[in-house]
Amino acid sequence: MSHDEAGKVIFEYGREGRSAGAQLPPPAPDPDDLPASLRRQQRPALPEVSELQAVRHYTRLSQKNFSIDTNFYPLGSCTMKHNPRACNSLAMLPQFLGRHPLAPPGAGQGFLACMHELQDILAEVTGMQRVSLAPAAGAQGEFAGVSMIRAYHDARGDHERQEILVPDAAHGTNPASAVMCGYRTRELPTDRNGDVDLDALRAAVGPQTAGIMLTNPSTVGVFERHIAEIAAIVHEAGGLLYYDGANLNAILGKVRPGDMGFDVIHLNLHKTFSTPHGGGGPGAGPVGVRETLLPYLPVPMVGETDGRFHWLTEADCPETIGRMTAFAGNAGVLLRAYIYIRMLGREGMIRVGEYATLNANYMMARLRAEGFELAFPERRASHEFIVTLKREHDQYGVSAMDFAKRLLDYGFHAPTMYFPLLVPECLLIEPTETETREEIDAFVDVLVRIREEAASDPDILHNAPHNLPLRRLDEVRAAKELHLRWSPETG
Amino acid sequence: MPFIPHTETDVHEMLAAIGVERIDDLFDEIAPELRAGDLGGIPDGLPEMAVTRLMHERARAEGDMLCFTGAGAYPHHIPQAIWQIVGRGEFYSAYTPYQAEASQGTLQVVYEFQSMISALAGMEVANASLYDGGSALGEAVLMAVRANRKARSKRVLVPRTVHPHYRAVARTVVGNQGLELVDVPFAPETGLTGVDALTAAAGDEGVAAVVIPQPNFLGGLEDVDALVDRAHALGALAVAVVNPTSLALLRPPGEWGEQGADIVIGEGQPLGIPLSAGGPYFGFLCTRKAMARQMPGRVVGRTTDADGHTGYVMTLRAREQDIRRSKATSNICTNQGLMVTAATIYMALMGPEGLERVARHSHAGAVALRSALAGIQGVEPLFDGPIFHEFTVRIDGPPVAEILDALAGRGILGGYALEGAYPEVGNSLLLCSTELHTEDDRAAYVEALTEVLAGGR
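Sequences listed follow chains A and B, in order.
Counting from 9, one number per residue, gives the positions in the first sequence under our numbering.
Counting from 12, one number per residue, gives the positions in the second sequence under our numbering.
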């Protein structure tokens, strides 16, 4: 396959009049009852290809991806663990796929039964009173959670609380979600050991504080040790605690957000509960609350009356913050999480946190022994940890980006880079519990080798990747020229 | 252990390398009083064999209905190739293409998707998708207000002929941002939004955007040229809400009125996504190139690599939450990547000819069903204007909810009861037909409804 052929877009394979004949319905008469003023005059520029051409093109494109199924993918804060195949095939049984979102409960109870159980299990494992599965992604879960905090204060007539506290190392979605709920945000500094600076927190809280958004273990890869004190300080000031579930994998079954003092949480089912990442979604971001926030949970939820399951909607939950999507969130993703949870069970869930933590601490110990610099060397790793390549940067003139691109040459997906922003030249590494010790060892060995390359010939790193279908891509040009679509006229 | 590969020797040696004795020692920074109890409410784990049996039982409890309900989610044929390719691990188990060189598959698929969906909508650019049609409306309304600062207004006109759930989602999304969503009533005799109703709803306070559905939720085809022109005359941006299948037959929003719509959104489910109890689906959003920087969510652009070869990257990243934090255009992080992959393959397989056939069959089936139902005593089409593939009938008889239960008992999902969301239309039903429905299917519906109305259960 020549490069030019490999680089074609699907449109370029098309010929006028060609089609995937078996997939098309038979020809149909012209709808002459539609007024001409409403009719489309020119056909849309869609590809005209055969079934084989489409299958081959998209199969080849798939082969240009790194994925969990093909590569170790230690992308920090993303929990790229194995996606069991049973979760996919059982969630795609035809009866589940065929269920219309507005089908009445009487049309089938199987799906609703799974959702009801999932709500209960997620509430139990997080220490929350109740869970709504409605949010379609983590960011929507955050939005729903902060909206509930707002609804709580509003219901009490406490309109002065206009500020959400967010640690400086938080995911960008945290401040962005708070702003979408009409709040302003205030950043809290992280102390030298990776914990929230308690003095800064004490100085920041007051009658303007609506709440705080925290990830624990935090985004710097350590467990926030002062969580009980933080909860006391924020609650004392009249604010609520929001738990960002991005890192729940580290403590699943070991520590529950509810027991740490959190009032409202979201979970990323595509992280902790192993639903597929799908090249960037769909995710699912259920939210859980303590009793005080129960009335505000987003709809729909699944209720049970006398052993029969039914939807709870606006009519049943008059104080709800509302609907997050037109129907019931990412139902098929929720089914996959349910199947995963049933396979893990209680013991399996506890093991997730244990082995994720074991793998991260083992890799951290090995990298430390190899002389890499850790961002928080005094701390235990959670399910992930941060290496800083500042020294390599200063000594050899290579960046964390260069390391990342060179890792691709060796067949490893790069860790998360340059996040959190407060650690220079950093890699945030999350091996997950489903990787073998051999895989972790191989990754460490390659990092050592890349550092040797940096010392002997840094251009190997600067010019990486070398072994992939494409060399390093020009992001500046993409933003400047802004070519966002193919067209028949201009290509 | 399920999904965990460690042998006892592994664990032993790994703990030794770390310098601790037990796995539990790794949790020694966590205060003992925070440790979880026994999680008694969580069932024991099951092997794959037992879970397979359980899920088949649950699936059987779902029944198998002949579906005439649409209302935002439509049964269509899904070519087998689509989900076999989408299910490939390289698509299924990859993440956001942060490392572009190792993600060209996902990135090129999104670029092709943006190309196809903007061609379908008659617009210049598209983003990489949003969660669904409802959340896309919320994001489009926010985008319109951002992009139309010169209107000096945060009011947005939303016809009542827009999907009631989309309006609910938009209220949830914009509720705390100082925007006002103003209802625009429809004409009771046509089920359509009149231009003068827009002007009346606009009042003297200015309007940032006007939402225009086509087809509208009640199945009718709006006078989109007049509505877009009136929106622009009011100083507002026009936000179109469209069904992607319909665009094979109907004039694309980019050509509505003198200048075309400014933002186009819709639900992508009809493009190869199963009904699947409501999700995952995806929302699409298209706009003019000049407004590309106001779009929410991910966008993929074409570029070159160090050797000058064509490749693809995520672009306009400076709008996004992980970079702009509190000043981002939206908090959205993921898109619905896998769903977009399915839709891209669907559009490639269907092509212009296939999509037009799907649209024509759907339209013809709905027209035929509407006239057949009109022949039943007590059933009357609510409006008589042109439709795409969905329509409303009023029923002089028992409450629609009871009728739907009776139809469900006969294995038919009979439509959507309108009275809850639209008290003004009374005892009415919204239903669709698509290329999946045969003449026999429609005859079965007509027969079942006739019997139910005649008092049979």
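No residue lacks a Cβ here, since even glycine has one placed at the ideal position from N, Cα and C.
{"Asked": "Short of 8 Å Cβ to Cβ, which residues in the region 102–113 of chain A face chain B?", "Found": "P102, Q103, F104, L105, G106, R107, H108, P109, L110, A111 and P112"}
{"Asked": "Cβ of A/E438 less than 9 Å from any chain B Cβ?", "Found": "no"}
{"Asked": "Measuring straight from C-alpha to C-alpha, what distance separates B/E266 and B/G312?", "Found": "25 Å"}
{"Asked": "Thinking just about the alpha-carbon of each residue, which of B/V218, B/G271, B/Q95 and B/S146 is nearest to the one in B/V235?", "Found": "B/G271"}
{"Asked": "Tell me which residue opens and which closes the alpha helix (DSSP H) that B/H23 is part of.", "Found": "E19 to I29"}
{"Asked": "Taking just the CA atoms, how far does B/F295 sit from B/E450?", "Found": "32 Å"}
{"Asked": "Is the CB-CB distance between B/L360 and B/A92 below 9 Å?", "Found": "yes"}
{"Asked": "Taking A/L504 as part of the beta strand (DSSP E), name the residues at either end of that continuous run.", "Found": "Residue 504 of chain A lies beyond the residue range present for chain A, which begins at 9 and ends at 499; the question has no answer from this structure."}
{"Asked": "Below 8 Å CB to CB, which residues in the same chain sit around B/H374 once its five sequence neighbours on both sides are set aside?", "Found": "L260, I398, F399 and H400"}
{"Asked": "So which residues of chain A does B/T183 contact, with C-beta pairs closer than 7 Å?", "Found": "I329, G330, R331 and M332"}
{"Asked": "Beta-carbon within less than 7 Å of B/A213's beta-carbon, same chain only, minus the 5 sequence neighbours each way: which residues are those?", "Found": "L168 and L245"}
{"Asked": "Kindly indicate the opening and closing residues of the alpha helix (DSSP H) around A/D449.", "Found": "R445 to S464"}
{"Asked": "Any chance the region 332–344 of chain A sits against the region 221–239 of chain A, with 3 or more Cβ pairs inside 8 Å?", "Found": "no"}
{"Asked": "Buried or exposed: which applies to A/M425, given that a residue is buried once 16 or more other Cβ atoms fall within 10 Å of its Cβ?", "Found": "buried"}
{"Asked": "On the DSSP bridge assignment, give the partners of B/M302 in chain order.", "Found": "Partner(s): none; B/M302 has no beta bridge."}
{"Asked": "What residues in its chain sit with their C-beta under 8 Å from that of A/Q117, if we drop five residues either side in the sequence?", "Found": "R316 and F317"}
{"Asked": "Which ranges would you report for the beta strand (DSSP E) in the region 313–347 of chain A if only whole runs of at least 3 residues count?", "Found": "316–320"}
{"Asked": "Determine, using beta carbons only, whether B/L349 and A/G405 come nearer to each other than 9 Å.", "Found": "no"}
{"Asked": "Starting from A/D252, trace the alpha helix (DSSP H) in both directions and tell me its first and last residue.", "Found": "Run containing A/D252: none in the alpha helix (DSSP H); it sits in the beta strand (DSSP E), L248 to G253."}
{"Asked": "Does B/A130 get closer than 9 Å to chain A when you measure Cβ to Cβ?", "Found": "yes"}
{"Asked": "Can you give me the start and stop residues for the beta strand (DSSP E) that B/P170 sits inside?", "Found": "R166 to P170"}
{"Asked": "Check whether the Cβ of B/N342 lies closer than 9 Å to any Cβ atom in chain A.", "Found": "yes"}
{"Asked": "Flag A/S10 as yes if its beta-carbon sits less than 9 Å from any beta-carbon of chain B, otherwise no.", "Found": "Model confidence at A/S10 stands at a pLDDT of 40, short of 50, so the residue's coordinates are unreliable; what they give is reported in the following sentence. No - not a single Cβ of chain B is within 9 Å of the one on A/S10."}
{"Asked": "In angstroms with no decimal places, state the Cα-to-Cα distance between B/H23 and B/A61.", "Found": "32 Å"}
{"Asked": "Tell me which same chain residues have a C-beta within less than 6 Å of the C-beta of B/I343, skipping the five on either side of it?", "Found": "P307 and G308"}
{"Asked": "Excluding the five sequence neighbours on either side, which residues of its own chain have a C-beta within less than 6 Å of the C-beta of B/L65, listed in chain order?", "Found": "none"}
{"Asked": "Taking the continuous alpha helix (DSSP H) assigned at B/R64, which residues delimit it?", "Found": "E59 to R71"}
{"Asked": "Grab me the residues of A/A147's own chain with a C-beta within less than 8 Å of its C-beta, minus the 5 sequence neighbours each way, in chain order.", "Found": "T181, A184, S185 and G293"}
{"Asked": "Out of curiosity, what's the CA-to-CA distance linking A/I273 and B/R166?", "Found": "32 Å"}
{"Asked": "Under 7 Å, CB to CB, which of the residues in the region 251–274 of chain A have a partner in chain B?", "Found": "G261, K262, V263, R264, D267 and M268"}
{"Asked": "Against B/E73, what residues of chain A qualify as contacts under a CB-to-CB distance less than 7 Å, listed in chain order?", "Found": "Q103, F104, R107, G116, G118 and F119"}
{"Asked": "Helix, strand or coil for A/F427? Go by DSSP, reduced to three states.", "Found": "coil"}
{"Asked": "Give the secondary structure of B/D55 by DSSP, where H, G and I count as helix, E and B as strand, and everything else as coil.", "Found": "coil"}
{"Asked": "Helix, strand or coil for A/N257, going by three-state DSSP, please let me know.", "Found": "helix"}
{"Asked": "Let me see if you follow: with CB-CB separation under 9 Å, is A/I468 close to chain B or not?", "Found": "no"}
{"Asked": "In whole angstroms, what is the alpha-carbon distance linking B/A432 and B/L258?", "Found": "26 Å"}
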